[in-house]
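Chains A and B are the protein sequences, given in the same order. Using numbering that gives the first Met the number 0, the letters of the first sequence map in sequence onto residues 0 to 242. Using numbering that gives the first Met the number 0, the letters of the second sequence map in sequence onto residues 0 to 467. Step one of this worksheet: look at the structure below.
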Amino acid sequence: MAQNKALLSIENVETYYGNIRALSGVTVHADAGEIVTLIGANGAGKSTLMMTIFGMPRARTGRIIFDGKDITQLPAHEIARLRIAQSPEGRRIFPRMTVQENLQMGASLDKLEYFDEDVRKVFDLFPRLKERINQRGGTLSGGEQQMLAIGRALMARPRLLLLDEPSLGLAPLIIKHIFEAIKELNKTTGLTVFLVEQNAFGALKLADRGYVMVNGIVTMSGASKDLLANPEVRAAYLEGGRH
Amino acid sequence: MADVQTSNPESNFAKAVKEGLVAAALALGLFLLIVGFRTDQNIRNELVLNQRWGLLAIFVLVAGFGRFFLTAYVTPWNAARAASKRAAVAKEAKEQSAFRKSFPRIGLALLFVYPFLVIAILAAYNGSLMGGLQGSLKYVDNFGIQILIYVMLAWGLNIVIGLAGLLDLGYVAFYAVGAYSYALLSSHFGLSFWLLLPMAGIFAALWGIVLGFPVLRLRGDYLAIVTLAFGEIIRLVLINWTVVTKGTFGISGIAKATLFGIPFTPGPGGFANLLGLPNSGVYYKVFLYYLILLLALLTAWVTIRLRRMPIGRAWEALREDEIACRSLGINTTTTKLTAFATGAMFGGFAGSFFAARQGFVSPESFVFLESAIILAIVVLGGMGSLVGIAIAAAVMIGGTELLRELEFLKHIFGNDFTPELYRMLLFGLAMIVVMVWKPRGFVGNREPSAFLHKRKLISSEFTKEGHG
Ligand SMILES: Nc1ncnc2c1ncn2[C@@H]1O[C@H](COP(=O)(O)OP(=O)(O)OP(=O)(O)O)[C@@H](O)[C@H]1O
Ligand SMILES: [Mg+2]
């Protein structure tokens, strides 16, 4: 599926919180049409990398290239305008707004010309959201909120979708549903997905390639099936984990 | 809980008596020194100690009986009501929404006929048109205009706080900018009210942006402190820049507004003269009433429109989650600045109206307390709700004006009792009552809004299945 053209490439990025270095020399790329996953333990720096792509916080050194354009210094809203969308850690849906309004916020870039078409696609993917269109985001269940966060990101018609732990706190059946939805999207539309996960087994099953991050450093990378078979990865992230 | 209390009225009564006595004792201890004694100066400048046992008794009795009634009747009644409400919740919600829908319309119609209604009632009461006109002055001015100014200010501040979630404690600064813009430009250059009204709004909006820039990165408490300081800075500049503002003396003799060039003066060419009406100051007041009513409605209309447009929606989203906004492509800088500027603009309009109405401005009108009152109205009304805020303004400002009327209280509390001084007490009381019963304000629920033009399409298609 990969067309050997990196849609997103992160080169040698270092990110700091104050004086504390959260990412060191991170080099990661995602080709167009790929699902790439980043796995790692708590506090490894996965979310930091995702937010660094959006410039919140900004990378202190290194470059981030999206579709041939250097976006390292761009403000976050301009990065979003290049059609990078994210479902961030903690979902960050708008709790007092209804499902419909949340989806409209996702479509902020498009003056609504595609709204009906896109909303239909999201509802096809997550019929649960359609049933709850007038419910306030904050009153949705955790799984529904996750669906809404992904749906809202999709409303921006992204070329690159960043997902931070979409499986967090969800029942296995719902995780399965969400992962299947991601796969489906990737297959039918060729959407490039960058997936951050703790659920290493599920993520590697879904993704084409994977990276492993430890303490802000990428320690391993490769095709998903190689990582799944790798004894080190198995010992650290898979054994005793979810299967 | 309701069952326990109703099935056992004896013990409940005893409990109420006990709590009442405790409350009375507490009040006695608390108020003995504060209320019971008072030091005054006599003619020879000596301090004399006055004892106010009567007033103290009133305080103690109110506390004691209040607590007694609360425990004996109000609490069981509330519990019973809550129980019955739970049973009939569906029905009630329906009725309430019907009432809610028609309330703004009825209220609006009443507001439009209000001055004539007052004049008609008073004319009938006094048996003469003149009597009606003169008598209505107080009601149109003190109640009508005064309340509407605060409605407008609170609606303007609501854009900043209620929609965009930016806690602005210095809103009165924009009110001051508007008032002084009109006062200075009209007295120095003789420009007309109708030219200066939009200019005052623009000046205030510019100051809104000036304030907005340094506070872009601030939120919550920090933002509140800086905006508070900003309000004080503007006031101090007005006091100390005496060459221009005449300092604490203020600017007097500010030109009045005119109606299509017709002045409201008694002589020939004036409004009354042209229409062949008897001379009276009421026409100007009625004119001002409709002017501020229209200005307030403009504020409401703009707010409602903006809420359905991307910028208004972005304000609301900003209040909920700034990081999410940015990653959805919203420029939070311009979003915040437009919120500050729009809110400030309406403050500026209100300010120039204020100057035209009073004919006099001084820094004393723009103290922090004013910001606090406007903020209190927004909070009491339920942030974001226009109707709730209007009700809150009517209750709070109307209430303080009513206090002035309560002359009979002098018979109870003595001649030196000035009820106006207790208006802050009224505010505090209202705050506590509302926050206990309705923690989100009178109208606490945010009404979802559909985008303009898209409303029909989206809602009709999806809402049918939407009650899962
Ligand atoms: N705003 C911040 N200020 C200071 N330190 C931070 C901040 N955010 C994250 N960190 C630190 O940076 C490191 C990486 O955090 P990050 O959130 O990226 O981890 P993560 O891999 O996403 O972990 P998890 O799987 O638990 O979400 C952690 O040590 C964390 O404490
Ligand atoms: Mg994380």
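Glycine included, every Cβ here is placed at the ideal spot set by N, Cα and C.
Cβ-based neighbour list, residue i, same chain, cut-off 6 Å, excluding 5 preceding and 5 following
| i | result |
| --- | --- |
| B/L128 | A122 |
| A/F114 | A106 |
| B/V34 | L54, L55, F58 |
| B/A204 | A340, A343, M344 |
| A/A84 | A152, A155, P157, L160 |
| B/V214 | L222, V225 |
| B/L227 | L168, G169 |
Buried or exposed (CB count within 10 angstroms, at least 16 for buried), residue i
| i | result |
| --- | --- |
| A/D252 | Residue 252 of chain A falls outside the range modelled here, since chain A spans only 0 to 242, and no answer is possible. |
| A/Y236 | buried |
| B/L116 | exposed |
| A/G189 | exposed |
| B/V244 | This sequence places Thr at residue 244 of chain B; Val is not what is there. Buried: at least 16 other Cβ atoms inside 10 Å. |
| B/A338 | buried |
| A/L102 | buried |
| B/E279 | The amino acid at residue 279 of chain B is misidentified as Glu; the sequence shows Ser. With 16 or more other Cβ atoms within 10 Å, it is buried. |
| B/V61 | exposed |
Residue nearest to residue i in terms of C-alpha spacing, selected from the options
| i | options | result |
| --- | --- | --- |
| A/L249 | A/L205, A/V195, A/A222, A/E130 | No answer is possible for residue 249 of chain A: it lies beyond the span of chain A, which begins at 0 and ends at 242. |
| B/F345 | B/L54, B/S279, B/A172, B/T247 | B/A172 |
| B/M430 | B/S448, B/R403, B/D415, B/A392 | B/A392 |
| A/L147 | A/K120, A/R158, A/D66, A/A234 | A/K120 |
| B/L183 | B/A355, B/R51, B/F36 | B/A355 |
| B/M395 | B/I146, B/T417, B/Q133 | B/I146 |
| B/F365 | B/E45, B/V236, B/K437, B/S185 | B/V236 |
| A/L81 | A/E88, A/M96, A/I64 | A/I64 |
| B/I291 | B/F426, B/I329, B/G347, B/E404 | B/G347 |
| B/W436 | B/Y149, B/T399, B/G381 | B/G381 |
Distance between residue j and residue i (C-alpha atoms, nearest Å)
| i | j | result |
| --- | --- | --- |
| B/F68 | B/A375 | 28 Å |
| B/M308 | B/T302 | 10 Å |
| B/F102 | B/F286 | 25 Å |
| B/R234 | B/Y288 | 27 Å |
| A/V98 | A/R90 | 13 Å |
| B/L402 | B/E315 | 37 Å |
| A/S86 | A/D163 | 6 Å |
| B/I372 | A/E183 | 56 Å |
| B/E321 | A/F53 | 13 Å |
| B/G143 | B/Y421 | 21 Å |
| A/L128 | B/P447 | 17 Å |
| B/L217 | B/L336 | 13 Å |
| B/V47 | B/D415 | 16 Å |
| A/E100 | A/G215 | 36 Å |
| B/G249 | B/P362 | 7 Å |
| B/D39 | B/G63 | 29 Å |
| B/N41 | B/L32 | 20 Å |
| A/K224 | A/F125 | 28 Å |
| B/A178 | B/V209 | 18 Å |
| B/Y113 | B/I120 | 10 Å |
| A/T36 | A/V25 | 14 Å |
| B/L258 | B/W193 | 9 Å |
| B/A433 | B/L425 | The question names Ala, yet the displayed sequence has Val at residue 433 of chain B. B/V433 and B/L425: Cα-Cα distance of roughly 12 Å. |
| A/H242 | A/K204 | Note that A/H242 has pLDDT 44, beneath the 50 cutoff, so the model's placement of it is unreliable and no number is given. |
| A/S166 | B/S83 | 42 Å |
| A/R272 | A/V27 | A query on residue 272 of chain A cannot be resolved here, the shown segment of chain A reaching from 0 to 242 and no further. |
Beta-carbon proximity list for residue i, same chain, < 7 Å, skipping 5 on both sides
| i | result |
| --- | --- |
| B/S370 | L168, G169, Y170, V171, G230 |
| A/G173 | Rather than Gly, the amino acid found at residue 173 of chain A in this sequence is Ile. Excluding residues within five positions, the ones whose Cβ falls inside 7 Å are G142. |
| B/V377 | A153, L156, N157, I160, G161, I388 |
| B/I238 | G246, T247, P362 |
| B/T333 | none |
| A/E13 | R20, L22, S23, G24, A58, R59, T60, G61 |
| A/G137 | P94, R95 |
| B/E400 | N141, F142, Q145 |
8 Å CB neighbourhood of residue i in its chain, flanking five on each side removed
| i | result |
| --- | --- |
| B/T70 | N11, K14, A15, E18, G19 |
| A/N41 | Q197 |
**Prompt:** Which of the residues in the segment 309-325 of chain B, read from start to end, lie with their CB under 9 Å from any CB of chain A?
**Reply:** Of all residues in the segment 309-325 of chain B, P309, R312, A313, E315, A316, R318, E319, D320, I322, A323, C324, R325 have a Cβ within less than 9 Å of some Cβ in chain A.
**Item:** Cβ-based contacts, 9 Å cut-off: residues of the segment 144-177 of chain B near chain A
**Value:** Within the segment 144-177 of chain B, no residue has a Cβ that lies closer than 9 Å to any Cβ of chain A.
**Residues in the segment 193-223 of chain A having any Cβ partner in chain B nearer than 7 Å** = Listed in sequence order: no entries.
**Request:** Closer than 8 Å, Cβ to Cβ, to anything on chain B: give me those residues from the segment 95-109 of chain A, in chain order.
**Result:** For the segment 95-109 of chain A, the set of positions with a beta-carbon nearer than 8 Å to some beta-carbon of chain B reads R95, M96, T97, Q99, E100, Q103, M104, G105, S107, L108 in chain order.
**Residues, ordered as in the chain, of the segment 163-187 of chain A that lie near chain B by beta-carbon distance below 9 Å** = Per Cβ criterion, the list is empty.
**Message:** If the cut-off is 7 Å on Cβ atoms, which residues from the segment 122-143 of chain A count as contacting chain B, listed in chain order?
**Reply:** Flagged, chain order: K129, E130, R131, I132, N133.
**Prompt:** Name the residues in the segment 329-359 of chain B whose C-beta lies less than 9 Å from a C-beta of chain A; which are they?
**Reply:** Against chain A - using a Cβ distance shorter than 9 Å - the residues of the segment 329-359 of chain B are I329, N330, T331, T332.
**Prompt:** Of the residues that make up the segment 79-93 of chain A, which ones have a beta carbon closer than 7 Å to any beta carbon in chain B?
**Reply:** So the close ones are A79, R80, Q85, P87, R91, F93.
**Item:** Where the segment 55-78 of chain A meets chain B: residues whose CB sits under 9 Å from a CB there
**Value:** Here the close residues are M55, P74, A75, H76, E77, I78.
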